[in-house]
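Chains as they are written, first to last, in the working numbering: chain A, 1 to 298; chain B, 1001 to 1235.
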């Protein structure tokens, strides 16, 4: 299942690149396995599926709980944070290299491709249903894809000492009926989208999220600040739609790790797999055991 | 309309309102008391039934289990997909010595497990959900019986194990969990395991959790990064 997802992602990126570059006359039109207009009915095994009880959108502007799905502004638009991000020369060089390596079918390994939490890329570009849980103290965004679990603590400040993470540390507060989320503490490994826009550990993301009066849309106005890779703040807009009756399944990336399958290149050693061996011709990858056994007492 | 019919309608309305108020109050109690960060009190590496007996394995499943135990004694955990950081699934996630956060709302309950950033959600509105294919965390529906949260899970993939010792199960397993508070800061999960392909009868086990202090948070845990540092995939 997961290998299907990865292929879908690659095809999605390919579609986007062909659309934006438009250079190859005889390039085959890539087929999106999971076109955004039919998010729950991909051919083959479904990931997020329907079939749950219908759930009416609620009109409380400060209650985001429920299930949502990103509505890309154009097919495959949610594989990219936008054209021409204002990159510094250093950022542009990384980005260009990632695009070139992808075109040569030797893609650079990203956290997404190597079963790590995907961070901003998954936050801004979810391709499957996102369950939102909300209590007085927090709003949690639970994405099926990448198992991106994002907890926004309400009314809190960032801790003074932050261990850097893929997801960063998110705190939120209400300004009127707009939820303002502030995220810092990234580890610098994350990509901002699947094309490969880089981010540093100085990345700072500010999201302003508000709900439509009828409760069926979430509007995201996101500003990304990264003095290492961006020459100026970069704004990204997203729109999520209420998704009634969606049931999340799971994304067990490590069980289906396709790491060696696509001739990945590792710009950061941390992401190099030690568990999966080269795939034979069959479906299941051979694996090496990569963890010491824990003592089991009986 | 005769007066008696009016009275009956009026009584019914009052009764319905009282029921609704009661249901709301019960759910609100559940929210406040169950939500929080919990840590298992006595981590389970080899699960036993509540009467301390071994799980009632059928002969074929016993052979599989014993082969796992022998392999582990020899330092070989290749039978355990968690050793390459694949999903531990339930109930094993409920047995592991890592905190989890419970978020309770009327429509859904979510478990946010620290171990390798897993989460599972429980649909509190569905009586039953289709299982498109078995997965490690299964498909879960729940309801409240008074102050007890009942969770029924099916669609559990048979490539996972019930515990770190290597207790197997089939994909026909059904789990019924009964979660209740034993006190303000203690939570119990009584789990009934019903799997006629693996066990000769349904059997029960139980685990307890202690609430982590105010301000506790689930930390980002990345199994693949952890094993690169030489740490075990799961404790």
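For every residue, glycine included, the Cβ atom is placed at its ideal position computed from N, Cα and C.
Asked: Sorted by chain position, which residues of the same chain lie with C-beta nearer than 6 Å to residue 228 of chain A's C-beta, five sequence neighbours on each side aside?; Found: 200, 202
Asked: Are three or more beta carbon pairs between the stretch 1055-1063 of chain B and the stretch 1118-1133 of chain B nearer than 8 Å?; Found: no
Asked: Residues of chain B with CB under 9 Å from residue 65 of chain A, in chain order?; Found: 1105, 1107, 1108
Asked: Since I believe residue 129 of chain A is in contact with residue 167 of chain A (beta carbons under 8 Å), could you give me their beta-carbon distance rounded to a whole number of angstroms?; Found: Their Cβ separation, rounded to whole angstroms, is 19 Å, which puts residue 167 of chain A and residue 129 of chain A out of contact at 8 Å.
Asked: For the stretch 1106-1172 of chain B, list the beta strand (DSSP E) runs that are entirely contained and at least 3 residues long, ordered along the chain.; Found: 1108-1113, 1119-1123, 1139-1145, 1148-1154
Asked: Which stretch, first to last residue, makes up the alpha helix (DSSP H) that contains residue 1072 of chain B?; Found: 1059-1073
Asked: Are the stretch 1215-1234 of chain B and the stretch 99-118 of chain A in contact at 8 Å, needing three or more beta carbon pairs?; Found: yes
Asked: At the level of alpha carbons, what is the spacing between residue 1210 of chain B and residue 1041 of chain B?; Found: 6 Å
Asked: Count the other C-beta atoms from every protein chain shown that fall within 10 angstroms of the C-beta of residue 1234 of chain B, then say buried if there are 16 or more, exposed otherwise.; Found: buried
Asked: Rank A:108, A:137, A:147, A:266 by C-alpha distance to the C-alpha of residue 127 of chain A and give the top, closest one.; Found: A:147
Asked: Could you tell me which chain A residues have their CB closer than 8 Å to the CB of residue 1228 of chain B, listed as they occur along the chain?; Found: 270, 274
Asked: Could you check if residue 1050 of chain B is buried or exposed, using at least 16 other CB atoms within 10 Å of its CB as the buried criterion?; Found: exposed
Asked: Which bits of chain A does residue 1225 of chain B rub up against, with CB to CB less than 8 Å?; Found: 116, 270
Asked: By the 7 Å beta-carbon criterion, what residues does the stretch 231-252 of chain A contribute toward chain B?; Found: 247, 248, 249, 250, 252
Asked: Using a Cβ-Cβ cutoff of less than 7 Å, which residues in the same chain neighbour residue 263 of chain A once the five nearest sequence positions on both sides are dropped?; Found: 105, 106
Asked: Can residue 1084 of chain B and residue 1212 of chain B be called in contact, C-beta distance under 8 Å?; Found: no
Asked: Using 8 Å as the limit for Cβ to Cβ distance, is residue 1185 of chain B near chain A?; Found: no
Asked: Give the range of the beta strand (DSSP E) segment to which residue 1094 of chain B is assigned.; Found: No beta strand (DSSP E) holds residue 1094 of chain B; the alpha helix (DSSP H) holding it covers 1092-1095.
Asked: Quick one: give me the first and last residue of the alpha helix (DSSP H) that residue 1228 of chain B is part of.; Found: 1223-1228
Asked: Helix, strand or coil for residue 1183 of chain B? Go by DSSP, reduced to three states.; Found: strand
Asked: Residue 240 of chain A to residue 1108 of chain B, Cα distance in whole Å?; Found: 20 Å
Asked: Can residue 139 of chain A and residue 64 of chain A be called in contact, C-beta distance under 8 Å?; Found: yes
Asked: Which residues of the stretch 1125-1148 of chain B have a Cβ closer than 8 Å to any Cβ of chain A? Give them in chain order.; Found: 1125, 1126, 1129, 1130, 1132, 1133, 1135, 1136, 1137, 1139
Asked: Go through its chain and collect everything with a Cβ distance to residue 1115 of chain B's Cβ below 7 Å, but skip five positions before and after it.; Found: 1088, 1093, 1096, 1098, 1221, 1234
Asked: Can you tell me whether residue 183 of chain A is helix, strand or coil according to DSSP?; Found: strand
Asked: If we call anything under 8 Å between Cβ atoms a contact, is residue 85 of chain A one with residue 191 of chain A?; Found: no
Asked: Nearer than 7 Å: is that true of the beta carbon of residue 172 of chain A relative to any heavy atom of the ligand PLP?; Found: The ligand PLP is absent from the structure shown, which contains no ligand whatsoever.
Asked: Count the other C-beta atoms from every protein chain shown that fall within 10 angstroms of the C-beta of residue 243 of chain A, then say buried if there are 16 or more, exposed otherwise.; Found: buried
Asked: With a threshold of 8 Å between beta carbons, is residue 998 of chain B in contact with chain A?; Found: This structure does not reach residue 998 of chain B, given that chain B is present from 1001 up to 1235, and the question cannot be answered.
Asked: Take residue 69 of chain A as the anchor and find which of A:124, A:60, A:88 has the nearest alpha-carbon.; Found: A:124
Asked: Is residue 208 of chain A close to chain B? Criterion is C-beta to C-beta, closer than 8 Å.; Found: no
Asked: Which class does residue 134 of chain A belong to by DSSP, given the choice of helix, strand or coil?; Found: strand
Asked: Grab the span of the beta strand (DSSP E) containing residue 209 of chain A for me, first residue to last.; Found: 204-211
Asked: If you draw a straight line from the alpha carbon of residue 274 of chain A to that of residue 175 of chain A, how long is it in whole angstroms?; Found: 46 Å
Asked: If the criterion is Cβ atoms closer than 8 Å, does the pair residue 1165 of chain B and residue 1189 of chain B meet it?; Found: no
Asked: Taking contact to mean at least 3 C-beta pairs separated by less than 8 Å, is the stretch 1140-1160 of chain B in contact with the stretch 1176-1189 of chain B?; Found: yes
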